[in-house]
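This note's numbering applies: residue 1 is where the sequence shown begins, and numbers increase by one.
Every residue gets a Cβ at the ideal spot worked out from N, C-alpha and C, and that includes glycine.
Please read the structure below before turning to the comments.
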Amino acid sequence: QVVNAPHKAALSHELVASAASYEAMKAYEKHVAAQGHPDSHAKAKELIATFSGGFIDRMVETKGLDALDKQKAKHH
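What follows is the structure in structure tokens.
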């Protein structure tokens, strides 16, 4: 095990995270539709969820969780 290795992003992880985010957004929209709430700009929400999942995964892999913790600390 290499402790001081630099963080590297893996395309496969980004694709899995993006697909999971997309499916989560679709499930949410299905829930909203079942509750009778109007659903506007659905495709945009799906794409935002997809891209955000991939972005978060890449940030964690390239910068590590320490960078995300620093960002959280700035906002609290």
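- Assigned with DSSP and collapsed to three states, H31 falls in helix.
- By the C-beta density criterion, G64 is exposed, having fewer than 16 other C-beta atoms within 10 angstroms.
- The alpha-carbon separation between K26 and E61 amounts to approximately 26 Å.
- The beta carbons of A42 and A24 sit no closer together than 8 Å.
- Nearest Cα to E29 within the set E46, L15, H13, E14: E46.
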